[in-house]
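Participant: Dumping the structure here so I can ask a few things about it.
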Amino acid sequence: MRYSRLTISGGLLLAAIFTGCTTVHDVTIDAISDRNKPLGASYHLEVNDPTGGVEPALQNTAVEAIRDALAARGLYEVPARTKPDMVIEASYGIGHGYVKIVTQRNSDIMLGAGLLPPPDSKAVVVYDKTIEITGRAVPDAAGKEGAELWSVKTKITDTKQQLAPYLDALASACIDYIGENPGRELTLPVDTKNARLLLDQRPPTQAAN
């Protein structure tokens, strides 16, 4: 499959960096897109709910954050009986904990001009919090799954085993990369306060042809 290269379209994420005393997360973004296939703007949403319905409040928050990211990109959901331009599959969740070696430096120790203390490494258990959104062509008349048009996955890794506080940052990081292909994995800082502002934005509605 041939993929397109990313064209930066105004830097929605850059507007969300360091504009207040709020938490900033490093969000890893992995995105691909096949520009040889038409993308369209309307969709049906299919969500893989990893909670199994056990946490309906978390499910609702996650799905709304995903819908907000799609809307901020200019996509819109159509009723079930209306044929969309594509089917969007979405999932979210927390991975199993795993051990990661982190390195810290004690900057309070003065060793002399130009000298730094030795690195202090330790093992900690971390968890990946993720949102993944994939656009596919609509199924054919026989019900066969459509080809993948684009996909974007965002991830935050730290020691917290919870998802809700990270959803806005994860979802807002998707906006600029839906239907794009940067050609490599990126890591960008996302401010939690401005993440919600990005999700609440809506581009002008295009008139129907």
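Counting from -15, one number per residue, gives the positions in the sequence shown under our numbering. C-beta atoms are modelled at their ideal positions from N, C-alpha and C, and glycine is treated no differently.
(1) Out of Val108, Glu132 and Lys106, state which residue places its alpha-carbon closest to the alpha-carbon of Lys21.
(2) How close, in whole Å, do the beta carbons of Leu62 and His28 come, if the pair is a contact with beta carbons under 8 Å?
(3) Bridge partners of Glu220, per DSSP?
(4) Any contact between the segment 150 to 164 and the segment 48 to 55? By contact I mean 3 or more CB pairs, one from each, below 8 Å.
(5) How close, in whole Å, do the beta carbons of Ala64 and Val31 come, if the pair is a contact with beta carbons under 8 Å?
(6) Spell out a yes or no on whether the segment 136 to 148 and the segment 104 to 114 are touching, meaning 3 or more CB-CB pairs, one atom from each, closer than 8 Å.
(7) Kindly indicate which three-state DSSP category Leu172 falls into: helix, strand or coil?
(8) What does DSSP give as the partner residues of Asp184 in its beta bridges?
(9) Under the rule that 16 or more other beta-carbon atoms within 10 Å means buried, what is Asp104, buried or exposed?
(10) Ile115 and Ile162: beta carbons closer than 8 Å?
(11) Take Thr45 and list the residues in its own chain whose beta-carbon comes closer than 7 Å to its own, dropping the five residues that flank it on each side.
(12) Apply the 10 Å Cβ neighbour rule to His80 and answer buried if 16 or more other Cβ atoms are within range, or exposed otherwise.
(13) Which same chain residues, not among the five before or five after Lys139, have their C-beta less than 6 Å away from its C-beta?
(14) Do Val174 and Val47 come within 8 Å of each other at the CB atom, strictly closer than that value?
(15) What did DSSP end up calling Lys177 once you bin it into helix, strand or coil?
(16) Need the endpoints of the beta strand (DSSP E) that Val31 sits in, please.
(17) If we ignore side chains and look at the alpha-carbon of each, how far apart do Pro198 and Pro188 end up?
(18) Determine the DSSP secondary structure at Ala38, reduced to helix, strand or coil.
Facilitator: Once the coordinates are examined:
(1) When each option's Cα is compared against that of Lys21, the closest is Glu132.
(2) Leu is not the amino acid found at residue 62; the sequence shown has Val there. Confirmed, about 7 Å.
(3) One cannot answer for residue 220 here, as it falls past the ends of the chain, which runs -15 to 193.
(4) Inter-segment contact for the segment 150 to 164 and the segment 48 to 55 is present: three or more beta-carbon pairs are separated by less than 8 Å.
(5) Going by Cβ atoms, the distance from Ala64 to Val31 rounds to 14 Å, so no, they are not a contact pair.
(6) Three or more Cβ pairs closer than 8 Å define a contact, and the segment 136 to 148 meets that threshold against the segment 104 to 114.
(7) Under the three-state reduction of DSSP output, Leu172 falls in the strand class.
(8) Answer is none; Asp184 lacks a bridge partner.
(9) Counting other Cβ atoms within 10 Å of its Cβ, Asp104 stays below 16 and is therefore classed as exposed.
(10) Contact flag unset, no.
(11) Answer for Thr45: Ala148 and Leu151, listed in chain order.
(12) Looking at its Cβ environment, which holds fewer than 16 other Cβ atoms inside 10 Å, His80 is exposed.
(13) Apart from the 5 residues on each side of it in sequence, Lys139 sits with its Cβ closer than 6 Å to the Cβ of Thr12, Asp112 and Thr114 in its chain, given in chain order.
(14) No, they are not a contact pair.
(15) Helix.
(16) First-last of the beta strand (DSSP E) with Val31: Ser26 to Asn32.
(17) As displayed, the chain neither begins before -15 nor continues past 193, which places residue 198 out of reach and without an answer.
(18) First, the residue type needs correcting, since residue 38 is Val and not Ala in the sequence shown. Reduced to three states, the DSSP call for Val38 is coil.
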